[in-house]
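Counting with this note's numbering, you get residues 39 to 595 for the letters of the first sequence. Ideal Cβ positions, reconstructed from N, Cα and C, are used throughout, including at glycine. Here's the structure we're looking at; comments come further down.
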Amino acid sequence: MTVVTRFAPSPSGNLHVGGARTALYCWAFARGREGRLVLRIEDTDRKRSSEASSLGFMTDLDWLGIDWDEGPVRGDQGGGDHGPYFQSERLAIYAEHLDRLVAEGKAYHAFDTSEELDAKRKAARQAKEAYRYDRAALALTAEEVAAKLAAGEPSVIRFRTPDAAITIVDEVLGEATLPAGEVDDFVIRKADGYPTYHFAVVIDDAMMGVSHVLRAQEHFNNTAKHIILQDALGLPRPVYGHLSLIFNPDGSKMSKRDKDKVLRTAVKERAIEGPPADPLGAPMVEADVWATWLGDKSVQLDLETLERVAAALDVSLPEINVADFRRSGYLPEVLCNFLALNGWSAGDDLEKFDNTFLAERFHLDRVQKTPAKFDRDKLLAFNLDAIQEMSPDVFHDLASAHAAEFRPEFLERLDQGQFRILCDASRERSKTLDEPFLVNGFLVSADDEIEWAVTKPVRKAMFKGEPTGLELLAQIRPVLEAIPSFDAVSIETAITAFVEAHADGNLGRIAQPLRIAVSGGPISPPIYDTLAILGHAAVSSRIDRCLAVLSELAPSK
RNA sequence: GGCCCCAUCGUCUAGCGGCUAGGACACCAGGUUCUCAACCUGGUAACGGGAGUUCGAUUCUCCCUGGGGUCACCA
């Protein structure tokens with residue numbers, strides 16, 4: 039039997055890491071068994087699909103190296119004989135099976151209004167019981183049903199759940215039995231004519247030949263519904279494997295809502311009254327939307343707005359989506375490696391591997407049952423290791439591509455030679471592709487924009503010692519000025535000679551004042567590289583300003 | 001609350017009746033260093049609790065505790 043797995047997200051612009059891991063496991067399972075991976079779009083929710091019908095997540099899959107055999111066409115992947123791969127385009131198929139179930143008495147029309155249902159749910163909640171549909175619609179005679187339908191009364195179709203226990207066999211979790219009555223008569227066709235997820239999934243998995251369903255553990259209870267539906271429809275049952283969830287370090291479920299949560303908390307803590315204004319002075323968010331969002335945890339701002347507001351308020355949002363990690367400068371192969379490790383292990387002490395290895399070794403019996411907390415520190419460490427293993431050329435190319443997309447100012451301000459020095463100086467100390475830019479903003483600042491905060495290390499480097507750092511800085515300025523060719527080697531030669539003559543060979547005595555003068559703070563790449571990148575004019579100019587500014591602030595002797 | 005599932009260092013995990021309970025990240029100490037990193041050496045650190053089964057339980061069974069999932073005309 040051919041192994042067929044599927045990744046079946048609802049349409050969205052962004053893939054979050056939990057989904058990415060599911061996709062990766064589905065991919066690995068199929069690839070390791072000469073099987074196929076189907077990508078199917080679950081867009082049976084008209085509301086959501088119309089709001090965000092973006093397929094942006096496919097970009098994320100591409101970036102991660104997760105390719106699919108069947109599904110929406112993108113580049114040279116996708117297509118296939120089992121389409122269409124959008125559920126919204128398969129309505130006729132579902133309708134046929136739906137009619138059959140109703141005709142066979144295995145499903146029935148129900149006319150309850152959502153108000154009635156809500157009231158009953160609320161009552162169950164108060165009675166501390168699990169809500170189950172009460173089969174009110176079954177009290178209707180066939181004539182009554184026909185009349186209501188003829189009158190055009192809105193209705194749904196519910197599946198008539200057999201009164202029996204349901205056993206789920208799961209390759210990860212083992213076997214579990216839900217007692218009879220646990221699953222109620224759930225809706226399989228909504229009032230708008232669309233099938234519910236449960237119904238569409240069962241039909242599609244069967245028609246697309248899916249042999250193995252790997253999905254998040256939150257679907258575990260749904261599987262019971264899918265099993266009885268398969269039985270009623272006479273469809274084969276795929277093998278199931280339910281994957282544990284990915285958590286935040288604090289133990290909460292990692293969710294796309296986390297970004298809203300962080301921003302909302304920041305706004306409340308700082309007692310910010312209204313939404314920040316955009317550069318033109320207009321509020322970034324409508325006042326009423328803002329108020330609703332602030333007061334209701336279940337309300338989300340759209341991602342773009344959320345990020346704009348966060349940027350305006352200088353709040354850093356957690357990385358949740360694959361795109362977030364890309365922007366932060368993680369390597370796709372490292373993210374895959376790390377994601378794979380959250381919930382699976384190779385079995386020995388081997389934990390650095392690529393997707394090919396994963397595909398070869400991935401097996402369901404080594405999938406962890408427990409949820410994994412997402413440890414960004416370890417991810418960062420893996421990313422650092424991968425970067426350190428790169429050749430300078432590769433790092434330069436990747437850093438350039440990253441800068442082109444996320445840090446264009448560096449490519450604009452630095453010429454190719456300067457950019458190369460920055461890359462070479464940064465590679466072995468960078469945990470991400472973004473770090474060279476993130477920590478070296480002073481390189482692209484205007485010379486007269488540098489500001490000096492008199493922190494402890496600055497005080498020590500500039501004001502202490504005999505002579506003081508400031509005095510040494512003043513002394514070395516003409517030495518640097520006199521260097522004919524301002525490259526790292528010449529700079530080193532000049533500074534070394536100066537240090538021997540004036541600072542007892544202690545490079546730190548002069549490197550720190552220089553570093554502070556040109557960068558505004560005590561941190562920068564190696565000093566010779568830093569000066570070389572900045573160039574002759576910028577270095578002189580910055581030293582002059584630094585001397586002027588800090589002399590004013592120096593403690594009087 | 002009902003139902004279902006789960007449980008090894010702080011974190012990700014190895015272990016599948018007998019191990020000084022292993023690795024990785026983090027952390028701590030020392031070294032190296034022009035800053036920050038990185039790097040090198042060493043170290044601290046876990047089987048949630050209680051009953052069984054067994055010559056012997058981290059490993060098997062039960063109970064407790066703790067954690068999670070789910071209870072939509074969302075997926």
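If I measure Cβ to Cβ from Arg346 and keep anything under 6 Å in the same chain, skipping five residues before and after, which residues do I get? For the purposes of this step, residue 346 is taken as residue 308 along the first sequence, with counting starting at 1. Within the same chain, Arg346 has close Cβ partners Met322.
Beta-ladder partner(s) of Asn359, from DSSP: For the purposes of this step, residue 359 is identified with residue 321 of the first sequence, where counting begins at 1. BP columns for Asn359 point to His54.
Could you name the residues of the same chain whose beta carbon sits closer than 7 Å to that of Lys595, not counting the 5 residues immediately before and after it, in chain order? Translated into the one-based positions of the first sequence, residue 595 becomes position 557. In this prediction, Lys595 has a pLDDT of 49, which is less than 50 and means its spatial position is unreliable; what the coordinates show is noted afterwards. Excluding sequence neighbours, Lys595 sits near nothing in its chain.
Environment of Val432 [buried if 16+ CB atoms lie within 10 Å]: The residue labelled residue 432 in the question sits at position 394 within the first sequence. It is exposed - the Cβ of Val432 has fewer than 16 other Cβ atoms within 10 Å.
Keeping to the same chain, check which residues put their C-beta closer than 8 Å to that of Gly573; ignore five residues upstream and five downstream. As a first step, residue 573 is located in the first sequence; it is residue number 535 there, counting from the start. Result list for Gly573: Gln456 and Phe524, in chain order.
Classification of Gly73 by the beta-carbon crowding that lies within 10 angstroms, buried from 16 upward: Position 35 of the first sequence, counted from the start, is the residue given in the question as residue 73. It counts as buried.
From which residue to which residue does the alpha helix (DSSP H) around Thr534 run? For this step, residue 534 is matched to residue 496 along the first sequence. That run of the alpha helix (DSSP H) goes Ala526 to His540.
Look up Gln115 in the DSSP assignment and give the residues it is bridged to. Here residue 115 refers to the residue found at position 77 when the first sequence is read from its first residue. Gln115 pairs with Arg112.
Tyr278 - containing alpha helix (DSSP H), residue span: Reading the first sequence from its first residue, position 240 is the one you call residue 278. Run containing Tyr278: none in the alpha helix (DSSP H); it sits in the beta strand (DSSP E), Val277 to Leu281.
Spatial neighbours of Asp107 within its chain, please: CB distance less than 6 Å, with the 5 preceding and 5 following residues excluded, ordered by chain position. To locate residue 107, count along the first sequence from 1; it is residue 69. Around Asp107: Arg74 and Leu75.
Going straight from the alpha carbon of Leu99 to that of Ile548, what length do you get? As a position in the first sequence, residue 99 is number 61, starting the count at 1. As a position in the first sequence, residue 548 is number 510, starting the count at 1. If I take the Cα positions, the gap works out to 49 Å.
Label Thr205 either buried or exposed according to how many other C-beta atoms from any shown protein chain fall within 10 Å of its C-beta, with 16 as the threshold for buried. Within the first sequence, the letter at position 167 stands for residue 205. Counting Cβ neighbours within 10 Å, Thr205 comes out exposed, since fewer than 16 surround it.
Which value, in whole angstroms, describes the spacing of the CA atoms of Phe363 and Arg553? Within the first sequence, numbered from 1, the residue matching residue 363 stands at position 325. Within the first sequence, numbered from 1, the residue matching residue 553 stands at position 515. So the alpha carbons of these two residues sit roughly 31 Å apart.
Between which two residues does the alpha helix (DSSP H) containing Glu509 stretch? Translated into positions along the first sequence, residue 509 becomes position 471. First-last of the alpha helix (DSSP H) with Glu509: Gly507 to Glu519.
What first and last residue would you give for the beta strand (DSSP E) that runs through Phe475? Position 437 of the first sequence, counted from the first residue, corresponds to residue 475. Per DSSP, Phe475 belongs to no beta strand (DSSP E); it is in the alpha helix (DSSP H), Glu473 to Leu476.
Let me know the secondary structure DSSP gives Gly219 once reduced to three states. Counted from its first residue, the first sequence places residue 219 at position 181. DSSP places Gly219 in coil when its eight states are reduced to three.
What span of residues does the alpha helix (DSSP H) with Phe197 cover, start to end? Residue mapping note: residue 197 aligns to position 159 of the first sequence, counting from 1. Counting along the chain, Phe197 falls outside any alpha helix (DSSP H), though it belongs to the beta strand (DSSP E) covering Val194 to Phe197.
Leaving out five residues on either side along the sequence, give the residues of the same chain with a beta carbon under 6 Å from the beta carbon of Ala66. Counting from 1 along the first sequence, the entry for residue 66 is found at position 28. Contacts found: Leu396, Ala397 and Phe400.
Using only the heavy atoms of the ligand ATP, determine whether one of them is closer than 8 Å to the beta carbon of Val210. This structure does not include the ligand ATP; it has no bound ligands of any sort.
Neighbour-count burial assignment, Ala325, 16 or more Cβ in a 10 Å radius: On the first sequence, residue 325 is found 287 positions in, with the first residue counted as 1. Under this definition Ala325 is an exposed residue.
Sequence-distant residues of the same chain with beta carbon closer than 8 Å to Met245, five excluded per side: Numbered from its first residue, the first sequence carries residue 245 at position 207. The residues are His120 and Ile131.
Quick check: what's the CA-CA separation for Leu62 versus Lys390? Residue numbering aside, residue 62 sits at position 24 when the first sequence is read from its first letter. Residue numbering aside, residue 390 sits at position 352 when the first sequence is read from its first letter. Cα to Cα, the separation comes out at about 16 Å.
Going by DSSP in three states, Ile204 sits in which element: helix, strand or coil? On the first sequence, residue 204 is found 166 positions in, with the first residue counted as 1. Ile204 falls in the strand class under three-state DSSP.
Contact under 9 Å by Cβ, Leu511 with Ala532: Counted from its first residue, the first sequence places residue 511 at position 473. Counted from its first residue, the first sequence places residue 532 at position 494. Cβ atoms of Leu511 and Ala532: not closer than 9 Å.
Where Asp105 and Leu373 are concerned, what is the direct C-alpha to C-alpha distance, given to the nearest angstrom? As a working mapping, residue 105 is identified with position 67 in the first sequence. As a working mapping, residue 373 is identified with position 335 in the first sequence. Each residue's alpha carbon lies about 16 Å from the other.
Just tell me which of Ala535, Pro593, Ser578 and Gly381 has its CA closest to the CA of Leu211. Translated into the one-based positions of the first sequence, residue 211 becomes position 173. Closest by alpha carbon: Gly381.
Measure the beta-carbon distance from Pro474 to Leu460 and round it to whole angstroms, keeping in mind my assumption that it falls under 8 Å. In the first sequence, residue 474 corresponds to position 436, counting from 1. In the first sequence, residue 460 corresponds to position 422, counting from 1. So it is a contact: roughly 6 Å between Cβ atoms.
Tell me whether Arg128 is buried or exposed, calling it buried when 16 or more other Cβ atoms sit within 10 Å of its Cβ. Indexing the first sequence from 1 puts residue 128 at position 90. The residue in question, Arg128, is buried, as its Cβ has 16 or more Cβ neighbours within 10 Å.
Through-space distance from Pro274 to Ala624, alpha-carbon basis: Only positions 39 to 595 of the chain appear in this structure, which leaves residue 624 out of reach.
Expressed to the nearest angstrom, what Euclidean distance is found between the alpha-carbon atoms of Pro446 and Leu155? Counted from its first residue, the first sequence places residue 446 at position 408. Counted from its first residue, the first sequence places residue 155 at position 117. Each residue's Cα considered, the two are about 55 Å apart.
In whole angstroms, what separates the C-alpha of Phe480 from that of Arg44? In the first sequence, counting from the first residue as 1, residue 480 sits at position 442. In the first sequence, counting from the first residue as 1, residue 44 sits at position 6. Each residue's alpha carbon lies about 48 Å from the other.
Taking the Cβ atom as the reference point for each residue, do Arg458 and His434 lie within a distance shorter than 9 Å? In the first sequence, residue 458 corresponds to position 420, counting from 1. In the first sequence, residue 434 corresponds to position 396, counting from 1. Yes, Cβ-Cβ distance for Arg458 and His434 is below 9 Å.
If I'm right that Gln71 touches Val111 with Cβ under 8 Å, what's the distance once you round it to whole angstroms? As a working mapping, residue 71 is identified with position 33 in the first sequence. As a working mapping, residue 111 is identified with position 73 in the first sequence. Reading off the sequence, residue 71 comes out as Arg, not Gln. About 24 Å; that fails the 8 Å criterion.
Ordered along the chain, which non-local residues of its own chain (more than five positions away) have a Cβ less than 6 Å from that of Tyr169? Here residue 169 is taken as the residue at index 131 of the first sequence, counted from 1. The residues are Arg159 and Ala162.
Simplified DSSP state of Phe412, which is helix, strand or coil: Along the first sequence, one-based indexing puts residue 412 at 374. Correct three-state label for Phe412: coil.
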